[in-house]
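Everything on this sheet refers to the single structure shown next.
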Amino acid sequence: MIGQITRHASLQTLEGVGPKISEKLEKIGLLTYSDILFHLPLRYVNRTELTAIKDINANHYAVIEGFIESNAVVFGRKRSFICKVTDDTGSIVMRLFRFSNSQKNQLKTGSHIRCFGTAQKGSSGLEFYHPEYILGAVEKLPPLDRTLSPIYPSTSGISQNKLRQISKLVFEHLKPISSQISQFEDLKFLHNPPADVDLKSLELGINPIQKKLALEELTAFQIGFLTQRQTIKNFISPPIKRNLKLRKFSQKLRVSND
């Protein structure tokens, strides 16, 4: 476990976590720093490198960069807003079924964009549906991630990006004591594994770090169970004094039954 003082700290002590966000986090059991540490990712995506649009494959996650060549609101079975994103190798459509006027104004023709998502077959070929994206001049975009990006169990109103930000802040704020450093580093690894890790072993839950933490949890449970059982075994019940009134009542009851 992480130090008693910090691991029970409320997530509201973090920048960007106000009462409204805190209420939504509580729906998935996230109240304290410790809750975030053990809120492990469901899976991971690789945002450490760009993919040329011509090399995108269906049902594969990719990060692309390009400019918005055109955009439009289209009407079909569902109204949607589409942007045609182009790089030096080709073009792909980004489609939003839920969009605001603010998004329409931001996603204007000529804007430079970085998209993160899984391409799927659509009416115009491969398309990104509701991908995460960043707009900005090439030189102002943040550097690509250096580790795999976690995908967490979430709830309505809490984006993956928000959960990643909270996780990052928790690891920055916590200072484990010496006996807890190993577990702290193991958890940090599972939240942000290096890009060259064996992703298959993580997805199957058989990475050595995952096995180690599972064994520690099982051991802690067994120790707690045995301790509780020993406490019950050692418990000595106080002697019950004979109650004369109860005895007389029992005698009267016996006579009455006779």
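Plus 822 on top of the position in the sequence shown (first one is 1) and you've got my numbering. For every residue, glycine included, the Cβ atom is placed at its ideal position computed from N, Cα and C.
Task: Thr-969, enclosing beta strand (DSSP E) - first and last residue - done: Taken as a continuous stretch (DSSP letters only), Thr-969 belongs to no beta strand (DSSP E), as it is neither H nor E.
TODO: Going by CA-CA distance only, name the one from Lys-900, Ile-914 and Val-1019 that's closest to Lys-906.
DONE: When C-alpha distances from Lys-906 are compared across Lys-900, Ile-914 and Val-1019, the shortest belongs to Ile-914.
Open item on the list: For the beta strand (DSSP E) containing Arg-865, name the first residue and the last one.
Closed with: Segment 865-867, the beta strand (DSSP E) holding Arg-865.
Task: Close-in-space but distant-in-sequence residues of the same chain around Asn-868 (CB under 7 Å, 5 per side omitted) - done: For Asn-868, where only same-chain residues beyond five positions count, the Cβ hits under 7 Å are Tyr-883, Leu-970 and Ala-1017.
Open item on the list: Output needed for Tyr-955: all residues of its chain with C-beta closer than 6 Å, excluding positions within five of it in sequence on either side, in chain order.
Closed with: Correct list, in chain order: Ile-935 and Cys-937.
Task: 7 Å CB neighbourhood of Ala-1036 in its chain, flanking five on each side removed - done: Answer for Ala-1036: no residue qualifies.
- [ ] In the DSSP assignment, find the alpha helix (DSSP H) that holds His-1013 and state where it starts and stops.
- [x] Annotation: the continuous alpha helix (DSSP H) that includes His-1013 extends over 1003-1013.
Open item on the list: I'd like to know if Ser-1004 contacts chain B, where contact means its C-beta is closer than 7 Å to some C-beta of that chain.
Closed with: This model lacks chain B altogether; it includes just one protein chain.
TODO: Could you check which residue in Phe-921, Thr-911, Asp-909 and Ile-980 has the C-alpha nearest to that of Arg-901?
DONE: Nearest option by C-alpha distance: Phe-921.
- [ ] Please list, in chain order, all residues of the same chain as Lys-926 whose beta carbon is under 7 Å from its beta carbon, the five residues on each side excluded.
- [x] Closer than 7 Å at the Cβ level, and outside the excluded window around Lys-926, lie Phe-903.
Open item on the list: I'd like the span of the beta strand (DSSP E) that includes Gln-942, first residue to last.
Closed with: 934-944 is the extent of the beta strand (DSSP E) around Gln-942.
Open item on the list: To test your reading of the DSSP string, which unbroken beta strand (DSSP E) runs of 3 or more residues are found completely within the stretch 865-913?
Closed with: Counting only runs of 3 or more residues that sit fully inside the stretch 865-913, the beta strand (DSSP E) segments are 865-867, 883-896 and 902-908, in chain order.
- [ ] To the nearest angstrom, report how far apart Asn-1014 and Ile-1054 are at their CA atoms.
- [x] Rounded to whole angstroms, Asn-1014 to Ile-1054 spans 42 Å at the Cα level.
- [ ] List the residues that DSSP assigns as beta-bridge partners of Glu-837.
- [x] Beta-bridge pairing links Glu-837 to no other residue.
TODO: Look up Ile-824 in the DSSP assignment and say whether it is helix, strand or coil.
DONE: With a pLDDT of 47 at Ile-824, under the threshold of 50, the modelled position of this residue cannot be trusted, and the question is left open.
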